[in-house]
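*Asks:* Could you have a look at this structure, given as structure tokens, before my questions?
Number of protein chains: 6
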Amino acid sequence: MTEPRGPVDSSRVPRFAGPATFARLPRLDEVAGADVAVVGVPFDGGVSYRPGARFGPAAVREASRLLRPYHPGLDVSPFATQQVADAGDIAVNPFDIGEAIETIQDAAGSLQAEGTRLVTIGGDHTIALPLLRAAARRHGPVAVLHFDAHLDTWDTYFGAEHTHGTPFRRAVEEGIVDTSALSHVGTRGPLYGKQDLTEDEKLGFGIVTSADVYRRGADEVADQLRQRIGDRPLYISIDIDCLDPAHAPGTGTPRRAA
Amino acid sequence: MTEPRGPVDSSRVPRFAGPATFARLPRLDEVAGADVAVVGVPFDGGVSYRPGARFGPAAVREASRLLRPYHPGLDVSPFATQQVADAGDIAVNPFDIGEAIETIQDAAGSLQAEGTRLVTIGGDHTIALPLLRAAARRHGPVAVLHFDAHLDTWDTYFGAEHTHGTPFRRAVEEGIVDTSALSHVGTRGPLYGKQDLTEDEKLGFGIVTSADVYRRGADEVADQLRQRIGDRPLYISIDIDCLDPAHAPGTGTPRRAA
Amino acid sequence: MTEPRGPVDSSRVPRFAGPATFARLPRLDEVAGADVAVVGVPFDGGVSYRPGARFGPAAVREASRLLRPYHPGLDVSPFATQQVADAGDIAVNPFDIGEAIETIQDAAGSLQAEGTRLVTIGGDHTIALPLLRAAARRHGPVAVLHFDAHLDTWDTYFGAEHTHGTPFRRAVEEGIVDTSALSHVGTRGPLYGKQDLTEDEKLGFGIVTSADVYRRGADEVADQLRQRIGDRPLYISIDIDCLDPAHAPGTGTPRRAA
Amino acid sequence: MTEPRGPVDSSRVPRFAGPATFARLPRLDEVAGADVAVVGVPFDGGVSYRPGARFGPAAVREASRLLRPYHPGLDVSPFATQQVADAGDIAVNPFDIGEAIETIQDAAGSLQAEGTRLVTIGGDHTIALPLLRAAARRHGPVAVLHFDAHLDTWDTYFGAEHTHGTPFRRAVEEGIVDTSALSHVGTRGPLYGKQDLTEDEKLGFGIVTSADVYRRGADEVADQLRQRIGDRPLYISIDIDCLDPAHAPGTGTPRRAA
Amino acid sequence: MTEPRGPVDSSRVPRFAGPATFARLPRLDEVAGADVAVVGVPFDGGVSYRPGARFGPAAVREASRLLRPYHPGLDVSPFATQQVADAGDIAVNPFDIGEAIETIQDAAGSLQAEGTRLVTIGGDHTIALPLLRAAARRHGPVAVLHFDAHLDTWDTYFGAEHTHGTPFRRAVEEGIVDTSALSHVGTRGPLYGKQDLTEDEKLGFGIVTSADVYRRGADEVADQLRQRIGDRPLYISIDIDCLDPAHAPGTGTPRRAA
Amino acid sequence: MTEPRGPVDSSRVPRFAGPATFARLPRLDEVAGADVAVVGVPFDGGVSYRPGARFGPAAVREASRLLRPYHPGLDVSPFATQQVADAGDIAVNPFDIGEAIETIQDAAGSLQAEGTRLVTIGGDHTIALPLLRAAARRHGPVAVLHFDAHLDTWDTYFGAEHTHGTPFRRAVEEGIVDTSALSHVGTRGPLYGKQDLTEDEKLGFGIVTSADVYRRGADEVADQLRQRIGDRPLYISIDIDCLDPAHAPGTGTPRRAA
């Protein structure tokens, strides 16, 4: 196996120069094949409050200019041990949720066809359903580790089945997730009512709230989740609002500048 | 006829206090009837680039706290000679353009049923079509005076018939506008190709570009438009990007804070 | 008793649509009576540094569009068990602190006359004094639980008795608070001198600093405060700067955009 | 006469370095005397809508770091032909409009006592009255050239005589301005009613609206104003909102960041 | 000649999706050759006040997502009649002005070697000198049409010969510009002294100030400039501050957010 | 000894008024001598990503208007027990890193010559080297307590020896630091590779990561550091990014406003 092609050398090409691929990694078409492809899904047609996540993939790539390749805490260099490449964005119809879901499902399936793993950058959480479908087609029902302030297992809004608040309920209904290992982590904030929790539990989810993480510590929580998941194929989904708004201020209500 | 109820007195209740109805006028349910109703249409599901206009009605109402009731240039006090009231927002499905269009059309029709004229606050330009339908049902085909940087007479995007770029083409196709008096005012910026202009002309539109207004002066342009429109029933639509971005900086590309 | 009227249903009327009453609850004039009234006090004439809190009530109401009605941690639905309604803003003179204090005191008294409890949204801390007066008139001297980075028991600035830094000293002097149960929680940052602390203690206040909360934990601190307060009538005041500026970035020095 | 001491040399001390005196000029205490003193009046207790002008003097000084000393259009170097110096800020009580007015009047009088002319940086327009008093004490009733979107000749708000909307009416009533040469320039936007204009005219003001300036051109307007003013002692007041908000975006309604 | 490859089709791939090449055009390595190459020069080491232009090329490319390919005023489709491609950024050393200038000169020369014309996106105006050198090497001394608020013909700052304020003086000294056709357009604002103008004139520059453009009109000014330039090889340089800060608010002093 | 002159009295001169010396303390030239001088070093020519720290000293001084003089946690009044004064900024050449370093070294040496201790406000971390040289000249090799997300012991970027990422390696090489007591505190985030850590260790540094501080607590970490440092002369350097970006949002990638 040839050595993976890593990020552009920042001591020769300044971080602010050159195209903003993820982490300044090569494009997928520049390498013979990739172990991991990073792909953007710029779609926010499923949000019930504040849109804008369609600009997410471009913004994450711009921010990733600052990523260095070695993680000292874990002592790993992920871009050195496998080929990671930027696969660009999936061109999703912004006007039709149904068509968007199909396009995402097909594109994710094609990328995975050769054994490439996906890291996707959304986009609103509507996109989790087609990504789960693609995963299940390849791996069978998958465990889910879902970091989010919210449950995203609501049923419908305005009669719509597919929105940013419903993908994990749909996934359970479609049988594409492994209901013995479904976890929300980081939930916080108010709900519509107690039935939100009871229905979520019936779907098979376990909940680790933000307060749980704070009280029990990240290490203990991580151990428990690892035990629950075991060696099942796993889909991880991170909604940035699992972080407190101090750390991700773009979420929530638009703020006044003054 | 009783005297219209005007805005809250700002020398007794500060402008920053109290609910943000449009211009601090009464709500529609607080008056016996209204000559003019201001109604919000918080929908942006039809935009091809930057969403956010769903927050437009609330933002315009907040900004309207500073409106005083007398226009010295025209020597008119519009809230004193007729009852203007705030009718709130139309509750539009954000996930389904087709249903949104129907909801808007029905709500606008109901408000107009008693002879009330509408001032609507969008929302993206997708909403012009159902508003034109409601107007045409009451008045027959209407003249259109369309202030906008763009033509909004494109055909489809991603196969979608109803978006913020297509309402006036659809309106011509449906026969709900008076093709002898259709005008765009304030167009500027690049197009896809020359056929954008020739197709627009075939639909019946005349164009007064921003450059025309600058060169010929607003008075001369206004005179010409008045002659063209005559005493036809008239639908006026103002896309805020008919102003230069210096005056409406929220339009266009998201800006970096730094 | 009839069932309380709760917030607008967000699966039928989008959260970004309709008037911004607190939590999308009914207005006070829309219900027969309220157990709790939410009322704005848009006054910032008492601040010694950065004004702007006059826009606070409108901003909090806009932000409250995202509030859902059920708190999973406490397992309560506060809007379901009692009628909560939005009473609008008190129209306060922005130019005269003395008159402002009287207006607030009268308005709060009127709202409480029928047994309604108040949740007020400021405004700067000058407003605590008239609110305490109204509370004491109804309940006698009240315990105070005061969350704030600062003590707000200074004496005068520029010879002014009534500012955002002085309400709790005035309240002690007037005998309207129960000096056996006065607590500051969350103090942090520098003071003018040690005498700030000794004078505050003489007034009867106990202090739980931010550092205390961090070291001892919120649960232990809350238990201690509950014991101190017992079943006394209680006035709770939350200055948003009891949170770290990361969580409430509008406080403190104006920041540069770039 | 010694040569005036000018700004710090920007080719030796970068513009972003060193204290932000106005235009990087010396402080008043660093020179033997000044022909012109620039003095800040950080007071915004008289505003009826958006406060914040108390930060105006500091912000203007920071912005003035970029000022170069020669005006090519007029071929003048104002800092070379006279000593201009920064006199710092007048320490104004933010809690009491009446006391603030007295403090400003006294401080302006002291600075002018030795023949020094003043350039003041506000602060809200309440400060014009004490500055006019100081000017009249020295020069007798002065002509007024008032650049502003608004008239600032209202009578009272909330019963208050002294606010940002009333200084020029008070000045006429006090006989400290020369009613044969009072001019507003740049008015635009709506008023409360026609009586605003008729009362303003009775006070002796002439109005050149923004539209007038646009139509007739700045040169013609300036000529007319010069003729009206002649060689009278003149007080010039510039409210930054005489500029369109595109050029001074901080005025008006607070904007949303997103 | 094959037909040029134009921008990505925005009715199939949303404008917010995919890599931000200039105007969504192909990369230079995707086409056989280019008539025009757009190249970024992310360097701001020569600025005397506010840095940040190193982020200019990436920001301009992001903003160019909205560019459509047809200019209705001029009736041209520049991307259809010639191959325009994005050549990426020149990797410039941010720590050494001298080395930066050499790198830019070499890279520009290489790109031009095959007859490709350059459109460069800066970067601060220091970069004009190496670009002029590259142009002169190919075309001989070139005419200069320089749109800018400033002259950029100063001599040195802090003894430094090469900064954003000096490139055009250096270019005259090096004999790489045609002194019979050097023009500044859009100058405005103050200078250090009258000698700035007289020295600039001695170097051979003519000046069309912003005020001139406003008074005489863009058409007349353009005609005059065309006559002066004739058919000389021409270097055009646009400093964005030739626009009023209302239209390019990032220039000048950092603004406060509140 | 005379009593130190402290900050301006904020109950007589509002905090937003008057010049922005650090903490509103006197200027160095206003006092007979100072125990501690606060001096700005507005230089950012050594940054590899986002410049702007040249505005740091002015911004920190503006923010310091809110500092009160007594620290209740430590029970100290630092401005009362010693004379602290603002020495202004060092005028550093923004175009030449080498000259900048010399200027800083000389200016710091002069200020220290009379026994005055320095508190410097940067500026990027390039300035640590000349400040360490000045410290070593007076005290011999100094212990270093370095709060930072990064190590700043890299070797070169683009061949440049002196940048914001290299001062502490240079300091070890020059023998001006005491290698028995060098500590980084607060490191977090990715590195280029494991060799970053091994080389740093060879230079003599110990590392307390952000995660260490979180797990072990600030008190324990502080005790350990105090023991390591003992009574050595100590240089403390705080890079603001040792705080999480939630607390210092200006660091890192420029953010989009929307």
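Chains as they are written, first to last, in the numbering used here: chain A, 8 to 265; chain B, 8 to 265; chain C, 8 to 265; chain D, 8 to 265; chain E, 8 to 265; chain F, 8 to 265.
The beta-carbon is built from N, C-alpha and C at its ideal position, and this holds for glycine as well.
Every value quoted in this text rests on a predicted model; they were computed, and no experiment measured them.
(1) Under the rule that 16 or more other beta-carbon atoms within 10 Å means buried, what is Leu118(E), buried or exposed?
(2) Taking the beta strand (DSSP E) that Arg222(A) falls in, what are its first and last residues?
(3) Roughly how many whole angstroms lie between the Cα atoms of Thr133(D) and Asp131(C)?
(4) With a threshold of 8 Å between beta-carbons, can Gly172(A) be considered close to chain B, or not?
(5) Put Val15(D) into one of helix, strand or coil per three-state DSSP.
(6) Can at least three beta-carbon pairs, one atom from the stretch 14 to 29 of chain D and one from the stretch 246 to 256 of chain C, be found at a separation below 8 Å?
(7) How would you list, in chain order, the residues of chain C whose beta-carbon sits under 8 Å from the beta-carbon of Ser55(A)?
(8) Closest to Glu227(F) by C-alpha separation, out of Ala24(F), Leu241(F), Val192(F) and Gly200(F), would be which residue?
(9) Does the beta carbon of Pro101(B) sit closer than 8 Å to a beta carbon anywhere in chain C?
(10) Below 9 Å on C-beta distance, what does Asp164(B) contact in chain A?
(11) Give me the chain B residues within the contact set of Tyr77(E), using Cβ-Cβ distance strictly less than 8 Å, ordered along the chain.
(12) With DSSP as the reference, label Cys249(E) as helix, strand or coil.
(13) State yes or no: is the beta carbon of Asp159(C) nearer than 8 Å to at least one beta carbon in chain D?
(14) My guess is that Val45(C) and Asp93(C) are in contact by the Cβ rule of under 8 Å, so how many angstroms apart are they, rounded?
(15) I'd like the list of long-range same chain contacts for Leu74(D), defined as Cβ closer than 7 Å, with 5 residues on each side in sequence excluded.
(16) Can you pull the DSSP bridge partners for Phe154(C)?
(17) Taking only runs that begin and end inside the stretch 69 to 151 of chain E, name each unbroken beta strand (DSSP E) of 3 or more residues, in chain order.
(18) Is Ile128(F) closer than 8 Å to Pro64(F) when the C-beta atoms are compared?
(19) Would DSSP call Leu210(F) helix, strand or coil?
(20) Got a sec, what are the start and stop residues for the alpha helix (DSSP H) Ala44(A) sits in?
(21) In chain C, which residues lie less than 7 Å from Asp96(D) when you measure between Cβ atoms?
(22) What are the partner residues of Ala167(D), as DSSP defines its beta bridges?
(23) Check whether the stretch 43 to 59 of chain E and the stretch 196 to 205 of chain B touch, using three or more Cβ-Cβ pairs below 8 Å as the test.
(24) Please go through the same chain and pick out, in chain order, the residues whose beta-carbon is closer than 7 Å to the beta-carbon of Leu125(A), but skip the five residues on each side of it.
(25) Starting from the beta carbon of Ala253(C), find every residue of chain F whose beta carbon is closer than 7 Å, and list them in chain order.
(26) Kindly indicate which residue of Thr110(B), Gln90(B), Arg68(B) and Pro76(B) has the alpha-carbon position closest to the one of Arg12(B).
(27) At the 8 Å Cβ level, is Thr260(F) part of the contact set with chain D, yes or no?
(28) Answer yes if the stretch 68 to 82 of chain D comes into contact with the stretch 145 to 159 of chain D, meaning at least three C-beta pairs across the two stretches below 8 Å, and no otherwise.
(29) Determine the direct distance from the alpha carbon of Ala255(F) to that of Ala264(B), and round the result to whole angstroms.
(30) For the alpha helix (DSSP H) that contains Pro174(F), what are its first and last residues?
(31) Exposed or buried, what is Gln234(D) when buried is set at 16 or more other beta-carbons lying within 10 Å of its beta-carbon?
(32) Closest Cβ-Cβ distance between Gly147(B) and chain C: below 8 Å?
(33) So, Ser190(C) versus His153(C), is the Cβ gap smaller than 8 Å?
(34) Is Leu198(F) helix, strand or coil when you go by DSSP?
(35) In three-state DSSP terms, what is Asp185(B)?
*Replies:* For this structure:
(1) buried
(2) First-last for Arg222(A): Ser217 to Arg223, but that is the alpha helix (DSSP H), not the beta strand (DSSP E).
(3) 22 Å
(4) no
(5) coil
(6) no
(7) Ser17, Pro21 and Arg22
(8) Val192(F)
(9) yes
(10) It is Tyr, not Asp, that sits at residue 164(B) in the sequence shown. In chain order: Asn100, Pro101 and Phe102.
(11) Pro197, Leu198, Tyr199, Gly200, Lys201 and Asp203
(12) helix
(13) no
(14) 5 Å
(15) Ala30
(16) Val192(C) and Ile245(C)
(17) 91 to 96 and 124 to 129
(18) yes
(19) helix
(20) Not the alpha helix (DSSP H): Ala44(A) falls in the beta strand (DSSP E), residues Val43 to Val48.
(21) Here the premise fails: no neighbours, minimum Cβ distance about 14 Å.
(22) Tyr164(D)
(23) no
(24) Ala44, Val46, Ala115, Leu118 and Gln119
(25) Ala253 and His254
(26) Gln90(B)
(27) Caution is warranted here: a pLDDT of 47 is assigned to Thr260(F), below 50, making its placement in the model unreliable, and no coordinate value can be reported.
(28) no
(29) Low per-residue confidence applies at Ala264(B): pLDDT is 36, beneath 50, and the placement is therefore not dependable, though the value from the model is reported in the following sentence. In a straight line, the C-alpha of Ala264(B) is about 15 Å away from that of Ala255(F).
(30) Pro174 to Glu181
(31) exposed
(32) no
(33) yes
(34) strand
(35) strand
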